[in-house]
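Numbering (UniProt numbering), first residue to last: 1 to 1206. Beta carbons: idealized from backbone N, C-alpha and C, even for Gly. Only one structure is covered here, and it is reproduced in the block below.
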Amino acid sequence: MYIKQIIIQGFKSYKEQTEIERFSPGLNVIVGRNGSGKSNFFAAIRFVLSDAYTQMSREERNALLHEGSGTAVQSAYVEVIFDNSDGRFPNNKPELILRRTIGHKKDEYSLDRKNTTRTDVMNMLESAGFSRSNPYYIVPQGRVTTLTNMKDPERLSLLKEVAGTQVYENRRTESLKSMQQAENMQSKVDVLLSNVDERLSQLEEEKEELRKFQERDREQRCLRYTLLNREQQKCEQDIEKANLSRTTGVEQTEQQSEELDNYDQGITQLERDINRAKQTLELRTIEKRQLVGERKTAQQHKAEVELDVDRLSAGFSSAQQAQAKLQADLKSIQGLIQTRENDLAKMMPKFDQAVKQEADIQSQLDDVQIQQQRLQRKRGNADRFANKAARDKHLQEELNKCFMQLSQSKANRMQLDDDLNEMKKTIATTEKDLTKTQSRLDSRSNDLKALDVELAEADKTLTDLQDQRRVKQREQNLSRSKTQQAREDLQEAENIVSNLTDRDTWKGIKTVRKMANEGMEGIHGMVGELFEVNPNYKTAVEVIGGNSLFSVIVENDDVSTKIVSHLTKNKAGRVTFFPLNRISPKEGSMPNAQDAVSMLSKLKYAEDYEPAMSHVFGRTVICPNLQVASQYARSHGVSAITSQGDRADKKGALTGGYIDTRRSRISAIHEESKARREYESVMEGLESLQEELDTLTQEITKATGEVQKLKQRREAYVKGTFGLQHEIKNQSTDLQRLRNEEKEKAKQKEQQVAAERHLNNDQQAFEEEMKQDFKKALTTQEERTLETLGSQIRDLQKTVQGLTAKRSELEAEVSGVQQQLDENLRPQLARLKAQGVEAELEGEGGGNVNSQLKERQRDLKRVTKELNDVTKQLAKADENLEQSNQNLANLEQEKSKAEQRRDELIRTINEHKTNMERQMQQKATATKALADINRQIRDLGVLPEEAFRKYQKWEAKRLEDRWTKVTKELKQFKSVNKKAFEQFSNFAKQRNDLQTRRDGLDTSKDSIQVLIDHLDRKKDEAIERTFKQVSREFATVFENLVPAGKGRLIIQRKSDRQARQEDEDDSDEEQRNTVENYTGVGISVSFNSKHDEQQRIQQLSGGQKSLCALALVFAIQRCDPAPFYLFDEIDANLDAQYRTAVAKMLEDLSTAGEGGGQFICTTFRPEMLQVAEKCYGVSFSNKTSSVDVVSYDDAMSFVENTQMAR
C-alpha cells in the first residue's frame, strides 16, 4: 500500500485544483524554493492523516483556506488516493479515496466518495498500519531540530509515547476516578443508612397513633353516610316531580314543534317556489331583453335595406339611360366605320393599279438609263484605256464587283423572303389569337351574369344560416342561465348532504361519481338514492339505514378493490362498498302479523339491488309503538322500529327521542340526486345547443368561404375582362405593326429584285463588251442608239412624273381613310365597347343593378317578416313576464302568511320553554344538590357493612349528636401520620436496598484496585519492551549511517545519578527497578571508532546531532513500520557524507520488501535526488502554488542553482 495520488484545492497556498501526478511506490523527491508551498503540501497530507488539525476554532479553520487575490475561497479539500492492491484497507477495492473537506463552519470526511466520521477514518488508518502512538512516519520541517535539542526527560516521554503507554495511563486514570466515585458513594450510603434507622424508630410510634385514628374515622364516615343518604332520597323525589311536569310540557311542545316543522317545510318549499319563480322571471326578463335587442337590430337592418332598395331603384333608371346612350353611340360609330371601310375598299383597286403602272414605267426608265450609262461608260473607256488589255482588266474588276454585289443581293433577298414568310405566319397567328380573345371577351358577360346569380344564392344561404345561429344563441343564453341556476341548486343540495355526513365519506362519494362519469363500469350509486319510500315511513327507514345510506353499491368486489386502491393512492376519502356478488343477507324468521310490517316491503328499488337492500333493511320490522317493537325484537331477534323512529334492538337496547325531520338524510340524498339529474339534463341540452351552434358556425364558415370564393372569382373575372381588353388592344397594335413591317419588307424585296436585275444587266453588258474589240470611239449604230435612248428617257421620265402624281394623290386619300379608321373610329369603337363591359362588370349596367335590386327587395321582405316574428315573440314575452310577476307576488303573499303563523307558534313554544326552563332550573338545583351529596358519599370512600345496617333506624338528632362528638374526638389527631404503615414498609425496604448497594461498592473497589495493579504491570512491560527495540534499532541504524562509528541509547534512573557516565548501565541489561524510577533517555555515540570513548549528544556538532536525531527517527520507524513516510528537509543540517548515507538508507528502505515503504521527501541537496525514482517541482505564481513532475536534470539544476545562490 502506498500513496498513489494527491488532489488539493483551496488549501492554504493551493487555490485551484492541483491534481498531482501519481507517486512512485519508492522514493519521491520534491524540490522548490522557500515559500513556494512545499511545507503546505506536507501540511495538506497531515491535515488528512494525522491528529494535528483537530478541534480547531473558526479562526484556525479560516487560516487553512486560501487567502490570495480574486474570489474568496469558501471551502477547501485534500484528497489522498491510496493504492490498495495488497488489501490492507478493508474496502475490497484496488484503491481507496480519502478526502477531508473544511470550510468556515464545516469539517467533513469521506471514504470512496461517501461521507464518514473522523473516528471511522482514524480507526481504519490504524488498522492499515498508521499507529497513532508513533507519529514519526510524518516528519515535518523542524521536527529533526526538535529531536536534536531534546533533553533526556523529553526523550523518555517520546519513548513512552512510542510504547503506547498513554492508553494505559488513560485507563488507570479512569479506574482511579471510578474508585474515588465508589468511595464517595459509600460514604453517602452510610449516611443514608443512619437516617433510615432513625426514621424507622419514629414510625413505630406513629403506627399506634394511626390505628386509633382509623377507628374514630370509620365511625364518623358511617354516621355521615347515613345523614347524606337521607338527603339523597329527598333530592331524588324532587327530581322525579320535575321530570313528570317536564314530560307533560314536552308532549305539548312536541305537538307544536311538529306543527312548526310543517310550517317550516312549507315555507322552505315556498322559498324554493319563489326562487324558481324568480329564476323564471329572470329568464323571461333576459329573453325579453334579447328580443328587444333583436327587434332593434331588425329595425335598423330593415331601414338599411329600404335605403338600399331606394338607391338601387334610382340607380337602375340611370344605368338604363346610360346604357341606351352607350348603345346608340356604339351603333353610330359602327356605321361610320362600315362606311369608311367601304370607301377604302373602293379606293384600294385604283391605288394598287396606279402603283403597278408607276412601277412598270419606272422599271422601263431604269432599263433605258442603264443602257445609256453602259454606252456612255464604253465611250469613256476608249478615252481611259490605251489598249484592250487595260480595258478588259478594268471590266473584269467590274464583273467581279457585280458578281459580289449580286451574291450579296441574292442572300439579302432570300433573307427577306424568309422574313416575309415568318411575318405572314406571325400575322396569321396574331389574327387568330385576336379572334379568340375577342370571342372570350364576348362570352365573359354571360359567365359574369351566371356568377352573380350564384353569388346571390350563396349570400342568401349565408344570411339564413346567420339567422338560425342568432336564434340558437338566444336559446343558448337562456339555457346558460338555467344551467347556472341548476348548478347553484346542485351545490346547495351537495352542501346539505355533506353536512349530514363526515368530510372523508363525502369526498370519497364525489370521487366514486367522478370515476363512474369517466367510464368505469359496475358502479350503481349510493344506497339512499337507489330506493323510494312512503313519506310516512321515511323517518324509520332513515334511522335503520344510518350511515349505510351513504354506502355505495357496486357490481362485484373487483370494482370495489379498484376504487379503494384509487382512493388510497390519491388520498380521496373513504367509502363503504356493497359488492352485489359478495353480499349475502342473514336469513331468519320474520314476524307475520299486522302490527309488524317488514321494512323491505315499504321500499321500491330495482331487483338487482335486492342483496344490498336486504343487508341494510332486511331484518327490520315497523311497529305501531315502542312497546310492541321491543316485544318483537326480543322474540324474533330482529330490529324493530316505530314510524316515529323509536327503535328496539334485539339485545334489549331502546333508542328514541326527537328527530329533526328537516335534516332528513333520505330527503337530502333524493334532493341532491334530483338536482344532479336536472343539472345533467340542462347541461346535456346546453351541450346539444353548443353542438348545433358549432355545426352552424362551421356551416357559416363554409358558406362565408363560398361567398368569399365567389367574390374572388367575380373579382378575378372582372380583372380577367380588363386584362382581355388590354390584351386585345395589345394584339391589335401588334397586328398593325406587323402589317406595316410586312409592307416595308415587301418594298425592300421589290427594291432588291430591281437591284438584282440592274446587276444582271451590268454583268451581261460587261461580258459583251469584253468580247468586243477595243475601239477608240462608238460605232455609228451605238451613237444612234445613244441618242434614241436619251429621247426615250425624257419621255419615260415625264410619264413617271404623271403616274407618281396620280399615285400620290390616291395614296393620300387611302392614307386619310386608313388613318381615320385606325386612329379615330376603331379606337373609339373599342373604347365604347370597353365602357360597356366595364359598366356591366362594375354593376352600372341595367342587368346587374336589376339583380341587386331584386336581391335587396327579397332581403327587405325577409327582414320585414323577421321583424314581425320578433314583435310577436316580444308580445308573448311581455305576457309571460306579467304572468311570472303575478305568480311571484302570490307566492310571496302566501309565504308571508305562513311566516306569520310560524312566528305565533314560535312565541307559544318559547312560553312553554320558559315554563320548562323554570322547572328545569328547580330540577337542576336538586340535581346539583344530589350530585354534591353523591360526591360527598364517594369522598367517604369504601364503607364498612355496619354503615348500611347499624344506623338506619336512628333518629336524625341522635345521628347528628353522635357525629358531632366523634368529630371533636378526631380533632385530637390533627398531626397523625396517615401514611405511617406505608412509610414504615418503604423505609424498611429502602434500608435493605442501601445495605445491598454498600456491599456492591465494596466489591467494586476491590475489582478496580486489581485493574490498576494490572495496568501498571502492562505499562512497565510496554516501556521496557519498546526501549529494548528502539535501542537495538538505533545501534543498527547508526552503524549503517556511520559505518566507522557506534551509537547507543542510555536510560537514566533516579537511584543512580552517576549512570550517565558508567558503561555498565547499558540499555540491554536487566532492569532492577520499575520504569517509575527512570528520569530520561540519553544518546551516546562515537563517530571515529567502535572502541573509542563515546560522547553524549550534548558534546556533538550540529550536523552530528541532526544525524543522531535521524537515527532515532529511523529506529522508531523500524520498531513500528508504516506503509509510507513523509520527510520535509530532513537533510538540511547534515554534512555531505551523512547526506549520502541518509539517501542510501532511504533508497534501501524504499526498495526493500518487508519493513520498507514509500518515501516522499523534500530537499535542497543533490544526494537525495541521485537516488530518487521520481522528482516533483513546487512553483508559486500569483499567490498560488502548484506541483508538477520534473525531470532529474531540472531538479538537479534547481538544487545546484539554489546552493550557488546561498
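| query | result |
| --- | --- |
| Who are the Cβ neighbours of S13 in its own chain at under 6 Å, not counting the five residues just before and after it? | G37, N40, S1185 |
| Less than 8 Å separating the beta-carbons of I239 and L930? | yes |
| Return the CA-CA distance between R172 and A1022, expressed in angstroms with no decimal places. | 15 Å |
| Inspect the CB distances between the region 564–583 and the region 508–525 and report whether three or more fall short of 8 Å. | yes |
| Between which residues of its own chain and R487 is the CB-CB distance below 8 Å, once the five residues before and five after are set aside? | Y679 |
| From this set, L176, E982, K861, which residue's C-alpha is nearest Q1009's C-alpha? | L176 |
| Counting only the same chain and skipping the five closest in sequence on each side, list residues whose C-beta sits under 8 Å from that of S1067. | The predicted model places S1067 with a pLDDT of 43, which falls under 50 and marks its position as unreliable; any figure quoted below should be read in that light. Result list for S1067: F1027, K1028, S1031, R1048, L1049, I1050, I1051, in chain order. |
| Is E16 near Q5, with beta carbons less than 8 Å apart? | no |
| Grab me the residues of A612's own chain with a C-beta within less than 6 Å of its C-beta, minus the 5 sequence neighbours each way, in chain order. | I553, F578, I583 |
| Could you work out which residue in E21, H394, A63, L223 is closest to P944 when comparing CA atoms only? | L223 |
| Between the C-alpha atoms of M1196 and A1136, what's the straight-line distance to the nearest angstrom? | 15 Å |
| Look at the Cβ atom of R413, then the Cβ atom of V817, and state whether they are nearer than 8 Å. | no |
| Identify, in the order they occur along the chain, each residue of the same chain with its Cβ nearer than 7 Å to the Cβ of I81, setting aside the five sequence neighbours on each side. | K4, Q5, E95, I97 |
| Taking the Cβ atom as the reference point for each residue, do A354 and K806 lie within a distance shorter than 8 Å? | yes |
| Just list the residues that DSSP pairs D1128 with in beta bridges. | T1162 |
| Output the distance between the C-alpha atoms of P1166 and L1107, rounded to the nearest integer angstrom. | 17 Å |
| What first and last residue would you give for the alpha helix (DSSP H) that runs through I20? | No alpha helix (DSSP H) contains I20, which DSSP labels as neither H nor E. |
| For the alpha helix (DSSP H) containing G816, name the first residue and the last one. | 780–820 |
| Under a CB-based cut-off of 8 Å, is I1083 close to chain B? | Any reference to chain B falls outside this structure, which holds one protein chain only. |
| Is it true that the CB of I7 sits closer than 8 Å to the CB of E79? | yes |
| Could you compute how far the alpha carbon of K356 sits from the alpha carbon of M347? | 14 Å |
| Taking the alpha-carbon positions, what's the T1202 to F1087 distance? | 30 Å |
| Starting from D107, follow its DSSP beta bridges and name the residues at the other end. | I102 |
| Using DSSP bridges, identify the partner residues of N34. | Its beta-bridge partners do not exist; DSSP assigns none. |
| Identify the continuous beta strand (DSSP E) that holds Y53 and give its terminal residues. | Premise fails: Y53 is in no beta strand (DSSP E) and is neither H nor E. |
| Over what stretch of residues does the alpha helix (DSSP H) that includes Y14 continue unbroken? | Here Y14 belongs to no alpha helix (DSSP H), and DSSP marks it neither H nor E. |
| Which residues mark the beginning and the end of the alpha helix (DSSP H) in which D595 is found? | Counting along the chain, D595 falls outside any alpha helix (DSSP H), and DSSP gives it neither H nor E. |
| Check whether the Cβ atoms of G32 and K1183 sit closer than 8 Å, and answer yes or no. | no |
| Taking only the alpha-carbon atoms, compute the straight-line gap between T864 and E879 and give it to the nearest angstrom. | 23 Å |
| Between the Cα of R757 and the Cα atoms of Q290, Q405, D329, which residue gives the shortest distance? | Q405 |
| Can you tell me which of E209, L65, L1110, E542 puts its alpha carbon nearest to the alpha carbon of A980? | E209 |
| Could you give the distance in angstroms between the alpha-carbon of L125 and the alpha-carbon of L49? | 8 Å |
| Is DSSP giving I641 helix, strand or coil here? | strand |
| Given S85, which residues of its chain have a CB within under 6 Å of its CB, disregarding the five upstream and five downstream residues? | P94 |
| Have a look at the DSSP bridge pairing and note the partners of Q5. | I81 |
| Is the region 273–284 close to the region 902–914, with three or more CB pairs under 8 Å? | no |
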